[in-house]
Amino acid sequence: TREDFEIVDKKQIPTPTELKNEEKEKTEEARWSAPILSLAKKASENLALSYGSALKSAALVGFIAKPVSNDSTAKTSVRHHAMEERANLMNMMKLSIKILIQSALSLGRTLDSDFPPLQQFFVVLEHCLKHGLKVKKTFIGQNKSFFGPLELVEKLCPEASDIATSVKNLPELKTAVGRGRAWLYLALMQKKLADYLKVLLDHKHLLSEFYEPDALMMEEEGTVIVGLLVGLNVIDANLCLKGEDLDSQVGVIDFSLYLKETQDNDGKQDGGITAVLDQKHYVEELNRHLSCTVADLQNKIDCLEKTNSKLQEELAAATDRIGSLQEEQQQLKQQNELIRERSEKSVEVTKEDTKVELDTYKQSRQGLDEMYSDVWKQLKEEKKIRLELEKELELQIGMKTEMEIAMKLLEKDTHEKQDTLVALRQQLEEVKAINLQMFHKSQNAESSLQQKTETIASFEGKTNEMMSSMKQMEERLQHAEKAKQAAEERCNKMKQELAGRLDTCRQQMSQLDSKCSTLEKELKSEKEQRQTLQKELHQEKDATALLKTELQQMEGLKKELRKLQDEKQQLEKVCEEQEQALQEMGLHLSQSKLKMEDIKEVNKALKGHTWLKDDEATHCKQCEKEFSISRRKHHCRNCGDIFCNTCSSNELALPSYPKPVRVCDTCHTLLLQRCSPNSS
2 TREDFEIVDK KQIPTPTELK NEEKEKTEEA RWSAPILSLA KKASENLALS YGSALKSAAL
62 VGFIAKPVSN DSTAKTSVRH HAMEERANLM NMMKLSIKIL IQSALSLGRT LDSDFPPLQQ
122 FFVVLEHCLK HGLKVKKTFI GQNKSFFGPL ELVEKLCPEA SDIATSVKNL PELKTAVGRG
182 RAWLYLALMQ KKLADYLKVL LDHKHLLSEF YEPDALMMEE EGTVIVGLLV GLNVIDANLC
242 LKGEDLDSQV GVIDFSLYLK ETQDNDGKQD GGITAVLDQK HYVEELNRHL SCTVADLQNK
302 IDCLEKTNSK LQEELAAATD RIGSLQEEQQ QLKQQNELIR ERSEKSVEVT KEDTKVELDT
362 YKQSRQGLDE MYSDVWKQLK EEKKIRLELE KELELQIGMK TEMEIAMKLL EKDTHEKQDT
422 LVALRQQLEE VKAINLQMFH KSQNAESSLQ QKTETIASFE GKTNEMMSSM KQMEERLQHA
482 EKAKQAAEER CNKMKQELAG RLDTCRQQMS QLDSKCSTLE KELKSEKEQR QTLQKELHQE
542 KDATALLKTE LQQMEGLKKE LRKLQDEKQQ LEKVCEEQEQ ALQEMGLHLS QSKLKMEDIK
602 EVNKALKGHT WLKDDEATHC KQCEKEFSIS RRKHHCRNCG DIFCNTCSSN ELALPSYPKP
662 VRVCDTCHTL LLQRCSPNSS
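Right, dumping it as structure tokens:
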């Protein structure tokens, strides 16, 4: 809220002469001895004079309450408010510089960063530099910092390059505000703060990119403040940047250093009025800073709400993913339960079949106990084999689950890498836009260079014309001397005029030379900018190459995923084949049980041969290969030994069997030899 103060008696406002006399009396009482202190005294006197005139003008013009007309538009009110802000900041700057110089001279030593007037000076200077700053929007968020215009000093003044490099090399600084504060500290220690800011104000066309048109740095108040900063060259400061946290410092003005209680004495009424006006300025500035902080807090709240909404969306997506994963887990559990139920059912069916068959065999044929025992042993072995197969199936199911987990992890990695690729593409697009802007700037600089070269050529033509005109004038003078001696006075006058013109021409030539030198410097700076742009282009090319390598790695991961899927399919095929083998084993068992009667008859026919048991044979008798699930055992119906399928693939009709039965190779050859002489 804005408060208006009325001044009852304008005669109480001190004039600049009165303020000057008061300052002279104070200086006589102080009696500074050193020449440096005398210079500081003069600077403080100048500050006091300017401060008194500013107070008088503020009291007469700006701070007397006037009724605002209803016809005034919003634009005029905004301009008036901006003018008041600039006046308040300028007066605060004057007061802070005055108090800083007086307190430093009273101490008589170098100032540290803990010195309160120096800290308040930096806070006020920071508020002056922040006045009217434009807000720059980036893909990260809004950026409003006064370090941007300070970076231009390095390009405009090469002496400031040391400050910029030292600020960039400080590892503690992470924000632009901290870098700007460190830059101001170093410039004050070098005693070149006023010079650097004056260079910025001389190039206001560059500052228009960072400041609004009605900002303090774009108006006359900025030049006044730069003139006041010259007085700080008297002060010696030793500021340590490593230990301080410049990023998180809060720039709040401590008005207790400046606010003073008014006294009722008649002799000090002028000082009371100035104190009241100062308090008015400070209260208005405090209100403005509070409104700025409220606006900043509202912006932060909006950003936090946006981030909260984004996080809620991400949480919803994550819950959806978790639900889908849980559904997949339930499906896999159901599949495992189905497989187990099927295997248990098959085992129960086989057990029931074996029990029924055993009962029938016991009731019908008691003489086949030995054969039944053999069958029982085979059943036990097959049960063991089935248990082993079930264990292998469980292992394969565990492998399947691990493979699915690995597939899910790979999918997550691919999604994350795709997100990073999208972000990198956005950065590439922004970099391309920046490159286009820099290219347009370089083209504009080339066009300006061509115009300047044309102006130089026109100036050279003018100088040639002037030289030719000089020669013509000399010839006319020679003719005039021969014709009339009386015209010598006029000739002398003409010579003097020509000498003056020559001097002006020489001055113009020197100015043209200086302009040429400045143009050459600008050309060099533009060449350096081009080189920096080329370096940035190379860096961008390297970044694109890295992105391509990452894409190739992604393709390799996709190939690995495909390989894993193929391996999964192969494992499924192996499982199906093993299930088929189990089915075949069941069929063979049923067939073997049905052939038990045939085996009994064979035993009766082959009483001379011993029927070898299945437990006793682990290798084929002929080829000596070990039996397995794929290499089955087969009895020779002639000799009773156990052979593999390849060694017992022959079939012959035996006297005990009506149909041709399996016979080993040796028995086959022997039986054929026996049959051949009988037939003959």
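Using the working numbering, read the sequence shown as starting at 2 and increasing by one per residue. Positions of the beta carbon are idealized from the N, C-alpha and C atoms, including for glycine. Please read all numbers here as calculations on a predicted model, not as lab measurements.
Between the alpha carbons of Asn445 and Lys496 lies a distance of about 46 Å.
Taking 7 Å as the cut-off, the Cβ atoms of Gly223 and Leu202 count as close. Per DSSP, Tyr186 has no beta-bridge partner at all. Excluding its 5 nearest sequence neighbours in each direction, Leu513 has C-beta neighbours in its own chain below 6 Å: Phe460, listed in chain order. Lys378 is positioned such that its CB atom lies closer than 7 Å to that of Asp616.
The C-beta distance from Leu562 to Leu422 rounds to 17 Å, too long to fall under 8 Å, and the pair is not in contact.
Pairing Ala177 with Phe148 gives a Cβ-Cβ distance under 7 Å. In the DSSP assignment, Tyr658 is bridged to no other residue.
In this structure, the alpha-carbon of Gln570 lies about 38 Å from that of Asn651.
About 11 Å separates the Cβ atoms of His669 and Leu655, ruling out a contact at the 8 Å cut-off. The beta carbon of Gln566 sits closer than 6 Å to none of the beta carbons in its chain outside the five residues before and after it.
Residue environment: Ser97 is assigned as buried (16 or more neighbouring CB atoms within 10 Å of its CB, all protein chains considered). Taken in chain order, no unbroken stretch of beta strand (DSSP E) lies wholly in the stretch 205-241 with a span of 3 residues or more.
Looking at Leu425, Leu520, His441, the one whose alpha-carbon comes closest to that of Gln451 is Leu520. Nearest Cα to Glu155 within the set Val295, Glu245, Tyr197: Tyr197. Ser344 and Ala618 have their C-alpha atoms roughly 29 Å apart. A direct Cα-to-Cα measurement between Lys494 and Lys463 gives close to 24 Å.
Under the three-state reduction of DSSP, Glu245 is assigned to coil, being neither helix nor strand. One thing to note: Ala195 has its Cβ within 7 Å of the Cβ of Leu230. Secondary structure note for Glu127: its alpha helix (DSSP H) is the uninterrupted segment 117-131. Residue state for Phe628 is assigned as coil, using DSSP reduced to three classes. Under a 10 Å Cβ-count criterion, Gln121 is classified as buried, with 16 or more other Cβ atoms of the shown protein chains found around its own Cβ. Leaving aside the five residues that flank Cys241 on each side, the residues in its chain whose CB is nearer than 7 Å to its CB run, in chain order, Ser114. In the structure shown, Phe644 adopts extended strand secondary structure according to DSSP, grouped into three states. Around the Cβ of Ile236, a 10 Å sphere holds 16 or more other Cβ atoms; the residue is buried.
Taken atom to atom, the span from the alpha-carbon of Asp504 to that of Ser162 is near 39 Å. Judged by their CB atoms, Leu671 and Gly641 are not nearer to each other than the 7 Å cut-off. Taking a 10 Å sphere around the C-beta of Phe440, we find fewer than 16 other C-beta atoms and assign the residue as exposed.
Arg491 carries a helical assignment under DSSP once its states are collapsed to helix, strand and coil. Looking at Asn92, Ala544, Lys483, the one whose alpha-carbon comes closest to that of Leu126 is Asn92.
Separation of Cys158 and Glu455 (C-alpha to C-alpha, rounded to the nearest whole angstrom) is 28 Å. Of the residues assessed, Met468 falls on the exposed side of the cut-off, its CB having fewer than 16 other CB atoms within 10 angstroms. A straight-line Cα-Cα distance of about 8 Å links Met471 and Leu499. A straight line joining the alpha-carbon of Thr355 with that of Arg638 spans about 25 Å. Distance from the CA atom of Lys442 to the CA atom of Leu134, rounded to whole angstroms, is 23 Å. Between the C-alpha atoms of Thr166 and Glu405 there is a straight-line separation of about 53 Å.
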